[in-house]
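In the order they appear, the protein sequences are chains A and B.
Here the first sequence stands for residues 1 to 340, where the numbers follow my numbering.
Here the second sequence stands for residues 1001 to 1307, where the numbers follow my numbering.
Before any comments, here is the structure.
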Amino acid sequence: MPDQPEPLESYEEGRAIAPTGAGGASDLATAEGETLEQSPSAASGGRAPGGPLGTGTDKKPRSLWSDAWRDLRRNPIFIISSLVILFLVVISIWPQLIASGDPLDCDLSKAQEGSQPGHPFGFNGQGCDVYTRTVYGARTSVTVGVLATLGVAVLGSILGGLAGFFGGAWDGVLSRITDVFFAIPVVLGGLVLLSVVTSSTVWPVIGFMVLLGWPQLSRIARGSVITAKQNDYVQAARALGASNSRMMLRHITPNAIAPVIVVATIALGTYIALEATLSYLGVGLKPPTVSWGIDISSASQYIRNAPHMLLWPAGALAITVLAFIMLGDAVRDALDPKLR
Amino acid sequence: MGRYVIRRLLQMIPVFFGATLLIFLMVNVMGDPIAGLCGDRQCDPATAAQLEKEFGLDKPVWQQYLTYMGNVFTGDFGTAFNGQPVTELMASAFPVTIRLTIVAIFFEIVIGITLGVVTGLKRGRPVDTSVLLLTLVVLSVPTFVTGLLVQLLLGVKWGWIKPAVSPEATFSELIVPGLVLASVSLAYVTRLTRTSIAENKRADYVRTAVAKGLPRRRVISRHLLRNSLIPVVTFIGADVGALMGGAIVTERIFNIHGVGYQLYQGIVRQNTQTVVGFVTILVLVFLLANLLVDLLYAVLDPRIRYA
């Protein structure tokens, strides 16, 4: 909407961090990305002519990405959070590496018992081993988080990017559609939508997150593409007769994708938390799926007698979410030239 | 100003109808609005057909939506599963949730902005680092875990508060639930204020104010804070709607009979009229809160003029 007067623009900017109702954390993601929207172009524009400052073997001029990578390698927060995430991915693929038991193997006579040799985290209300279930729960959470983020990122950045690039009527329609989705609180939408689904697989949950999550990323992608589009090199490419697809793929995408990556990383953590919240409300995943949300939900009834049943899966959940938020934070700091 | 407000109100109309239609479709097309009326048993076909005719569910969906919206604008939100009019439920639920939201917003403003200003002014110092770490921890623990733990520690173990809130839900009872509800947004307001203050601290107008010899307190409150609060106000205003909708979890933990509780009951008992009615109002609140925020911009930033 380039022809709109000043106040409306500030309105759009303001609304870009409108809460999604997920409880604020996913709003964090949105605004963390916002500070980046100006940066990639500025960074690559300012750095690329900086000449052959490249480190070591490659003689190419340093790009935004190699610069960011140099920063990241020295950032302890990045190293710690990536190690945590790597560990989570490994145990979600091969949980038997560190847990020998079966998460569905339960013995009622041991229900609610505390820690004992061989069962460091104790037993839950059904007498299942909390340690094994916590380890196996990582798989569900990581699957939901990764797939939902991929879906949201692909759908959101394509729709938002196209709207930002072409502008016009399609942009107006898309902006109104995102407004509609923003007006529905996420937890509420999840309750309404998922309460009618009977499937017990992870797919309805992922589908719901993609459905209500894409407007957030499309808004980021749109803003970022509009900023990148105005750069001189894009005008130059247009003047040289480059096609739309070439301009989009070669010139705009590499310079507009940084905020999307940052927001998506932070959003990944919040999707994991959202899955647990929905499972707690009884509409997310359902047993026999092993998930932290389900375990926390069932443990909440016994919290007075056996808090350990709740604390271990909740701790695992918090560490996972924290790792993704910190990773996104570190990447943003590395990509943001203002903070250099 | 007047024209701007009118244009914004006009822009709200499609969003309002879009959002309510979306919820209406989710509930009525994907769910089964009749199922809840027969209790836990399956409705027999004759009763189901009779009920469908009675509620007009045999008509096309768009017609149902129009009828529903027509009723809403005349103040008829239908009846809940127990025969109570939905408007009555709203009259009892909304005051409670509004009180809860006020408490939450209060904490966001007072604690969030104070912490944000302190950390923003002392960027890189130990205070800053520890508060920043604390906000990260708060952000990463989901609200329902925070709520359960707070309830266990303060309510059950130490006995500082009553673990469940009475139906009256007075302000004093809502302090702890309000804090839990606000926790995530509070951490976010802190980070937002901090970034904003830290950025503006180096601005020319702050240097000018200091050079003029203004007292530090006045520089911070009049020059720095006013300019740094714009993004924070946006967030808090938009958060009003989100807090009211997001209170489902908090209200469930502390047994507060507010909007979230009624909505949850409506969803569990598959009562479409309760769900759609409450969501309609929530969407309206959200849109109005956003409008208010945009108008507040002009107060905070005189450069913005509404034509």
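Glycine residues also receive a C-beta, built at the ideal position from the N, C-alpha and C atoms.
Predicted, not measured: the structure shown is a model, and the values here were computed from it.
Distance between residue j and residue i (C-alpha atoms, nearest Å)
i       : j       : result
V1027/B : V1061/B : 11 Å
M1257/B : R73/A   : Before going on, a small fix: residue 1257/B reads as His here, not Met. Each residue's alpha carbon lies about 51 Å from the other.
P204/A  : V1219/B : 53 Å
A242/A  : R250/A  : 10 Å
P1177/B : A1104/B : 8 Å
G282/A  : Y1297/B : 40 Å
T270/A  : P1142/B : 9 Å
P259/A  : K1201/B : 25 Å
A316/A  : T1170/B : 36 Å
T55/A   : W69/A   : The predicted model places T55/A with a pLDDT of 45, which falls under 50 and marks its position as unreliable; any figure quoted below should be read in that light. Looking at the two C-alpha atoms, the distance is approximately 12 Å.
G1213/B : V1118/B : 22 Å
D102/A  : T132/A  : 7 Å
Y1261/B : R246/A  : 53 Å
I252/A  : T1067/B : 47 Å
I1109/B : F1286/B : 18 Å
M1244/B : R219/A  : 24 Å
P1095/B : A1247/B : 13 Å
A276/A  : I261/A  : 23 Å
W331/A  : I303/A  : For clarity, residue 331/A is Val in the given sequence; the question names Trp instead. Answer to the nearest angstrom: the Cα atoms are 37 Å apart.
W94/A   : F1144/B : 29 Å
Q216/A  : F182/A  : 8 Å
P1085/B : V1283/B : 20 Å
K1059/B : V180/A  : 26 Å
P307/A  : A299/A  : 8 Å
S41/A   : W1160/B : Note that S41/A scores a pLDDT of 42, beneath 50, so its modelled location is shaky; the value from the coordinates is reported in the next line. Their backbone Cα atoms lie some 54 Å apart in a straight line.
G293/A  : V144/A  : 12 Å
K286/A  : G122/A  : 22 Å
CB contact below 8 Å: residue i versus chain B
i      : result
A314/A : yes
L322/A : yes
P307/A : yes
A18/A  : Because A18/A sits at a pLDDT of 35, beneath the cut-off of 50, its placement in the model cannot be relied upon, and the following sentence gives the value as read from the coordinates. True, the Cβ-Cβ gap to chain B drops below 8 Å.
G45/A  : Low per-residue confidence applies at G45/A: pLDDT is 40, beneath 50, and the placement is therefore not dependable, though the value from the model is reported in the following sentence. For G45/A, the answer is no, since every Cβ of chain B falls outside 8 Å of its Cβ.
V359/A : Lying outside 1 to 340, the shown extent of chain A, residue 359/A is not represented and no answer is given.
M248/A : no
G23/A  : At G23/A the pLDDT is 41, less than 50, meaning the model places this residue with poor confidence and gives no usable figure here.
A273/A : yes
I296/A : yes
R83/A  : At residue 83/A the sequence reads Leu, which differs from the Arg that was named. Answer no: the Cβ-Cβ gap between L83/A and chain B never drops below 8 Å.
E12/A  : For E12/A, the pLDDT reaches just 37, beneath the cut-off of 50, and the residue's location in the model is therefore unreliable, although a value from the coordinates is still provided. Taking Cβ atoms only, chain B never reaches closer than 8 Å to E12/A, which makes this a no.
A239/A : no
G269/A : yes
G180/A : The sequence shown places Val at residue 180/A, rather than the Gly named in the question. V180/A counts as touching chain B.
A138/A : no
Any C-beta of chain A under 8 Å from that of residue i
i       : result
V1005/B : no
G1078/B : no
F1110/B : With the sequence shown as reference, residue 1110/B is identified as Val, and Phe is not the correct amino acid for it. Judged by the 8 Å Cβ criterion, V1110/B is not in contact with chain A.
V1249/B : yes
F1024/B : no
I1102/B : no
G1159/B : no
V1176/B : no
A1049/B : no
A1242/B : yes
V1283/B : yes
V1027/B : yes
Contact list for residue i against chain B, beta-carbon separation under 9 Å
i      : result
Y302/A : Under the 9 Å cutoff, chain B gives no residues; its nearest Cβ is about 11 Å from Y302/A.
L310/A : V1145, L1148, L1149 and L1152
R176/A : Q1011, P1014, V1015 and G1018
Under 7 Å by beta carbon: chain A residues contacting residue i
i       : result
F1144/B : T277 and Y280
V1275/B : V192
I1267/B : L191, V192 and S195
Expected contact under 8 Å - CB spacing of residue i and residue j to nearest Å
i       : j       : result
N1290/B : A1238/B : 6 Å
Y1065/B : L1022/B : Going by Cβ atoms, the distance from Y1065/B to L1022/B rounds to 11 Å, so no, they are not a contact pair.
G1277/B : F1077/B : 4 Å
I85/A   : L327/A  : 6 Å
Listed by chain order, chain B residues near residue i by CB distance under 7 Å
i      : result
I220/A : Those within 7 Å of I220/A in chain B number zero; the least Cβ separation is about 15 Å.
Within chain A, partners of residue i - CB distance below 8 Å
i       : result
G1213/B : Ordered by position in chain A, no residue passes the 8 Å Cβ test against G1213/B, which lies about 30 Å from the chain.
V1279/B : I184, L188 and V192
Heavy atom of the ligand ATP within 7 Å of residue i beta-carbon
i       : result
R1226/B : Looking for the ligand ATP in the displayed structure turns up nothing, as the structure carries no ligands at all.
Closer than 9 Å at the beta carbon, the chain E residues around residue i
i       : result
V1156/B : No chain E appears in this structure, whose protein chains are A and B.
Interface residues of chain B facing residue i [CB-CB closer than 8 Å]
i      : result
D209/A : This sequence places Met at residue 209/A; Asp is not what is there. Chain B residues near M209/A: none, gap ~15 Å exceeds 8 Å.
(request) Taking a Cβ distance cut-off of 8 Å, strictly less, list which residues of the segment 1227–1238 of chain B are near chain A, in chain order. (result) Residues P1231, T1234, F1235 and A1238.
(request) Could you run through the segment 1122–1151 of chain B and flag, in chain order, every residue whose CB is less than 9 Å away from some CB of chain A? (result) L1136, V1137, L1139, S1140, V1141, P1142, T1143, F1144, V1145, L1148, L1149 and Q1151
(message) Output needed in chain order: residues of the segment 1285–1296 of chain B with a Cβ under 8 Å from some Cβ in chain A.
(response) F1286, L1287, N1290, V1293 and D1294
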